[in-house]
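Novice: Residue numbers (the UniProt record's numbering): 1 to 600. Where a beta carbon is used, it is the ideal one built from N, C-alpha and C, also for glycine.
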């Protein structure tokens, strides 16, 4: 078994047999001796080593564990040896057209590189020209046209190719770029061409210096200045044209969008007017509404139209009074909008809640089922937000019901109802809360929740909402119908977090939610029936095992059981509570979350 060693060849780590390494070492030594008399000998040998290292890497990528004697011999045959080239040179002097020895490796296919020798900017166009045998000027013209007429597409494509395409730095890479055979003679010729070109550049520099010394420096300087001035002037005009075109296009798009939005608002005004009358209460609020809408949103549209007309007609400037007038009207609209927001915000500064108890008939088998009641009301007027807001001649129905699930301190199910509202004053909030109409019903073991809460048509929306608290005894079950779960805002305990996002018990669930109350909180009986294919469990499941630790809030007396009857039974007793019992932050968050649900 041959010994395998690791060598560093052209900054690449190559595993190779010791005998193969000896062959490679002798081959490289012969190349150094052969090219020692040539210009750029070190660079020629360095490029040859880089090419050999690339071929070794290709062999290893195909599955070979190391480089063998046969691999080195094949590469020698492909690259050629000094002896072969000396014989070929002698034969060439005697017989023209003598071909080189056949190679064990096929002629390499072309590869796309950036050409650093003929580049103007990044060498992309010259590299494409070498790869496709096309004059690079053709590609430069194409990219320039795309940059001007394609809204910057040519610039984007050019920079993508610049980043993605490697630069041909070595002689072997330059040969591959042109599709030429990568052997010793071609590498030598490429390196020497680069050296000769460099010598020519130095010679040209010397000639230029001599010309300067002979009095032509001023003329050359003027020529260079003229070239750069023309170049940058043309480039500036192109960039200015592209920039102006982009902003004109953007202005047209914005104008079109605003016009479409205005048409949509005008078409839907019959639907939006009920929302306005549902929120705005005072004549001052109604007075501020229209200037805020018309001036704040309309003036930018008018200003944009004037700007586009000026540019299209070539008018350099318009009357300054037009600008002053539009600016003044927009500021008036802004002030009206701020005043309207402050006035409406004051209508939500106090809170009130009205507590009640729903007399619940204890369900059989220790399980209470929660479902959404059938909506028996047919709305013939306005229905918005997927039915979450409905307006009739005398009633407004809002889908703003929250359901809290807590642990009961007794052995019976309990249902509490809390009507809550905000207002400008305590008395206003109290009246609005007591005007809320919510009807629960029970049929055997099924508790039906209403489709929404009803408030009088003349009342304004001030965050009216109902919180239904279902208290479940330890050891008993609560089933929540799938439609009910998606309809109402369920929370884990009073003032707890609502189920949403990753913390949502509905994730991956099919059908209803089945819960059991334990001394530690709620257990999800459907946890093993989920379709959740998530690899990492959600944070709540890791920490709390899908349980809510029952809080120790105020205890309620066990309500008297309702008479056994198959008809829905509803009974409430009200207790007024000061508004300070409800944190203002919670009230604001519930109102905003309700508005979010309707808009969603």
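Looking at residue 330: is its Cβ nearer than 7 Å to the Cβ of residue 293?
Specialist: No, these two residues do not count as a Cβ contact at 7 Å.
Novice: Excluding sequence positions up to five away, which residues of its chain have a Cβ less than 7 Å from the Cβ of residue 334?
Specialist: Excluding sequence neighbours, residue 334 sits near 296.
Novice: CA-CA distance, residue 15 and residue 31?
Specialist: Rounded to the nearest angstrom, the two C-alpha atoms are 22 Å apart.
Novice: For the candidate residues 110, 141, 165, 451, whose alpha-carbon lies nearest to that of residue 177?
Specialist: Of the candidates 110, 141, 165, 451, the one whose C-alpha sits nearest the C-alpha of residue 177 is 110.
Novice: Going by C-alpha distance, which of 367, 401, 50 is nearest residue 444?
Specialist: If we check each option's Cα against that of residue 444, 367 comes out closest.
Novice: Taking the alpha-carbon of residue 41 as reference, which of 187, 113, 20, 127 has the nearest alpha-carbon?
Specialist: The shortest C-alpha separation from residue 41 is found at 187.
Novice: If residue 425 and residue 350 are in contact, beta carbons under 8 Å, what's the gap, nearest whole angstrom?
Specialist: Residue 425 to residue 350, Cβ: 6 Å. Contact.
Novice: Tell me the DSSP secondary structure of residue 11 in three-state form.
Specialist: Reduced to three states, the DSSP call for residue 11 is coil.
Novice: Between the segment 444-454 and the segment 510-527, do three or more beta carbon pairs fall short of 8 Å?
Specialist: Counting Cβ pairs under 8 Å, fewer than three are found: no touch.
Novice: Evaluate the contact criterion for the segment 231-244 versus the segment 401-421: three or more CB pairs, one atom per stretch, below 8 Å.
Specialist: Judged by Cβ distances under 8 Å, the segment 231-244 makes no contact with the segment 401-421, as fewer than three pairs qualify.
Novice: Considering residue 358, what are the terminal residues of the beta strand (DSSP E) in which it resides?
Specialist: Per DSSP, residue 358 belongs to the beta strand (DSSP E) from 350-358.
Novice: What is the residue span of the alpha helix (DSSP H) that residue 521 lies within?
Specialist: Looking at the DSSP string, residue 521 is not in any alpha helix (DSSP H); the run it does join, the beta strand (DSSP E), is 521-524.
Novice: Quickly, what does DSSP pair residue 284 with across the bridge? List them, please.
Specialist: Beta-bridge pairing links residue 284 to no other residue.
Novice: Measure from the alpha carbon of residue 81 to the alpha carbon of each residue in 478, 48, 55, then state which is nearest.
Specialist: The candidate whose alpha carbon is nearest that of residue 81 is 48.
Novice: In this structure, what does DSSP give as the bridge partners for residue 477?
Specialist: Answer is 367, 516.
Novice: Could you check if residue 134 is buried or exposed, using at least 16 other CB atoms within 10 Å of its CB as the buried criterion?
Specialist: Exposed.
Novice: Given a cut-off of 7 Å on the beta-carbon distance, is the pair residue 168 and residue 113 in contact?
Specialist: In contact: residue 168 and residue 113 (Cβ atoms closer than 7 Å).
Novice: Is the beta carbon of residue 390 sitting closer than 7 Å to the one on residue 397?
Specialist: Against a cut-off of 7 Å, the Cβ pair of residue 397 and residue 390 comes out as a contact.
Novice: Under 8 Å by Cβ, that's how I've got residue 437 and residue 355 pegged, so tell me the actual separation to the nearest angstrom.
Specialist: Actually they do not touch by this definition, with Cβ atoms about 16 Å apart.
Novice: Between 405, 461, 413, which lies nearest to residue 364 when the distance is taken from Cα to Cα?
Specialist: Among 405, 461, 413, the Cα nearest to that of residue 364 belongs to 413.
Novice: Opposite residue 606 in the DSSP bridges: which residues?
Specialist: Past the boundaries of the shown model lies residue 606; the chain is included only from 1 to 600, so the question cannot be answered.
Novice: Distance, Cα to Cα, residue 481 vs residue 428?
Specialist: Computed Cα separation, rounded: 36 Å.
Novice: Measuring straight from C-alpha to C-alpha, what distance separates residue 285 and residue 464?
Specialist: Their Cα atoms are separated by approximately 20 Å.
Novice: Does the distance from the CB of residue 467 to the CB of residue 435 come in under 7 Å?
Specialist: No; because the gap between Cβ atoms is not below 7 Å, this pair is not in contact.
Novice: For the alpha helix (DSSP H) that residue 76 lies in, which residues bound it at each end?
Specialist: Segment 69-79, the alpha helix (DSSP H) holding residue 76.
Novice: Counting along the chain, where does the alpha helix (DSSP H) carrying residue 174 start and finish?
Specialist: Element bounds for residue 174: 171-178.
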